[in-house]
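Q: Take this structure first; my questions come after.
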Amino acid sequence: MHHRVRNNLQTVAALLSLQMRHASPQVRGPLQEAVSRIRSLTVVHDLFSGQNLQEMDLETLCRTVVEEAVTTLCGEDAGVTWMVEADEVWVSSRQATILALLLNEFVANAVRHGFKDRSGGRIQVLVRRESGQALLEVADDGWGLPAGFDMRYSRGLGLQIARTLVEVDLRGRLEVGPRPGNGTVVRVWFSPDGLPNGRGSAEGQLDPVERGRR
Numbered sequence: 003m004h005h006r007v008r009n010n011l012q013t014v015a016a017l018l019s020l021q022m023r024h025a026s027p028q029v030r031g032p033l034q035e036a037v038s039r040i041r042s043l044t045v046v047h048d049l050f051s052g053q054n055l056q057e058m059d060l061e062t063l064c065r066t067v068v069e070e071a072v073t074t075l076c077g078e079d080a081g082v083t084w085m086v087e088a089d090e091v092w093v094s095s096r097q098a099t100i101l102a103l104l105l106n107e108f109v110a111n112a113v114r115h116g117f118k119d120r121s122g123g124r125i126q127v128l129v130r131r132e133s134g135q136a137l138l139e140v141a142d143d144g145w146g147l148p149a150g151f152d153m154r155y156s157r158g159l160g161l162q163i164a165r166t167l168v169e170v171d172l173r174g175r176l177e178v179g180p181r182p183g184n185g186t187v188v189r190v191w192f193s194p195d196g197l198p199n200g201r202g203s204a205e206g207q208l209d210p211v212e213r214g215r216r
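Positions in the sequence shown are counted from 1; adding 2 to them yields my numbering.
If you want it as structure tokens, here you go:
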């Protein structure tokens with residue numbers, strides 16, 4: 003089942019990529035973001051089918067999705083670096099799919115808006131678990147939010163997608179605000195539905211992982 007779904011997603015992504023080559027600059031950006039969303043779903047299918055898992059640790063998901071999103075949106079030689087630091091949090095395939103889409107949206111927002119007209123930037127992903135709740139935080143050191151920004155009145159497609167995924171699908175809470183110093187930070191609180199199966203590290207242990215392209 004995972005294999006068939008993955009092949010279908012890959013076909014759609016390939017068709018959009020082909021169309022993107024002949025599109026105007028105004029259309030190319032949205033098409034590229036659509037391809038990135040599809041590839042984030044492909045990543046989830048690869049992770050679960052490749053290891054025959056019922057649940058996934060969020061750190062592995064974050065590292066894989068962020069790397070794929072940065073590569074898709076920026077290319078191999080972009081000056082965007084990223085880091086993941088995570089407590090042990092496990093999620094089901096359903097939540098993993100939702101979180102993969104959210105991570106892709108947050109990275110895309112940083113690349114398209116935060117790092118616009120810049121040679122690169124830095125994305126930091128943090129996962130914490132407290133009292134049965136999980137926090138997913140994505141911060142960038144980009145230009146920051148526009149003056150007077152209010153998430154409730156934003157018409158951006160990416161933020162609308164994120165709000166729906168968090169509030170409806172995860173039944174969680176979304177917060178978007180300025181990052182201390184400069185940039186933007188996005189936080190998602192939700193109740194993880196996975197159980198540790200012994201493959202992760204000890205609960206609460208930090209395992210920083212940093213990768214980047216220059």
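Positions of the beta carbon are idealized from the N, C-alpha and C atoms, including for glycine.
Leaving out five residues on either side along the sequence, give the residues of the same chain with a beta carbon under 7 Å from the beta carbon of C76.
A: If we look at C76 and ignore the five residues flanking it on each side, its Cβ neighbours are V82 and V113.
Q: Given 8 Å as the limit, is there contact between the stretch 97-108 and the stretch 157-177, that is, 3 or more CB pairs closer than that?
A: Yes: at least three Cβ pairs fall under 8 Å.
Q: Let me know if N184 comes out buried or exposed under the rule of 16 or more other beta-carbons within 10 Å of its beta-carbon.
A: Result: exposed.
Q: How is the alpha helix (DSSP H) around G160 delimited, first residue to last?
A: Segment L159 to T166, the alpha helix (DSSP H) holding G160.
Q: Can you give me the start and stop residues for the alpha helix (DSSP H) that L147 sits inside?
A: Looking at the DSSP string, L147 is not in any alpha helix (DSSP H), and its letter there is neither H nor E.
Q: Cα separation between N111 and L167?
A: When rounded, the distance between both Cα atoms is 16 Å.
Q: In the structure shown, what three-state DSSP assignment does Q56 receive?
A: If DSSP states are grouped into helix, strand and coil, Q56 belongs with coil.
Q: Under a Cβ-count criterion, where at least 16 other Cβ atoms within 10 Å of its own Cβ denotes burial, should S42 be classed as buried or exposed?
A: Classification for S42: buried.
Q: Classify E169 as helix, strand or coil using the three-state DSSP reduction.
A: Reduced to three states, the DSSP call for E169 is helix.
Q: Please state whether DSSP places E107 in a helix, a strand or coil.
A: In the structure shown, E107 sits in a helix (DSSP, three-state: H, G or I).
Q: On the CB-based measure, 16 or more other CB atoms within 10 Å of its CB, does P210 come out buried or exposed?
A: Note that P210 scores 36 on pLDDT, short of 50, meaning its location in the model is unreliable and no value can be drawn from it.
Q: Measuring only the C-alpha atoms, how far is V188 from R23?
A: Those two C-alpha atoms are separated by around 32 Å.
Q: Can you name the start and end residues of the beta strand (DSSP E) that E87 belongs to?
A: Here the beta strand (DSSP E) through E87 covers G81 to A88.
Q: So, is A149 buried or exposed, given that buried needs 16 or more other C-beta atoms within 10 angstroms?
A: By the neighbour-count rule (16 or more Cβ atoms within 10 Å), A149 is not buried but exposed.
Q: Indicate whether W84 and V68 have their beta-carbon atoms separated by less than 8 Å.
A: A contact, by the Cβ cut-off of 8 Å.
Q: Is the closest heavy atom of the ligand HEM to the C-beta of G31 under 7 Å?
A: The ligand HEM is absent from the structure shown, which contains no ligand whatsoever.
Q: Using the rule of at least 16 other Cβ atoms within 10 Å of the residue's Cβ for burial, across every protein chain shown, is E212 buried or exposed?
A: A caution first: E212 carries a pLDDT of 42, below 50, which makes its placement in the model too unreliable to give a value.
Q: Could you compute how far the alpha carbon of E132 sits from the alpha carbon of I40?
A: Approximately 31 Å between the Cα atoms of the pair.
Q: Using 8 Å as the threshold, is the stretch 151-167 in touch with the stretch 56-71, meaning 3 or more CB pairs across them?
A: Taking 8 Å as the limit for Cβ pairs, the verdict is that the stretch 56-71 does not touch the stretch 151-167.
Q: Roughly how many angstroms separate the alpha carbons of G196 and D48, rounded to a whole number?
A: Near 18 Å, if we compare the C-alpha coordinates of D48 and G196.
Q: Between which two residues does the beta strand (DSSP E) containing L176 stretch?
A: Element bounds for L176: R175 to P180.
Q: In terms of DSSP beta bridges, what is V93 paired with?
A: M58, per the DSSP bridge assignment.
Q: Under three-state DSSP, which class holds G122?
A: It is a strand residue.
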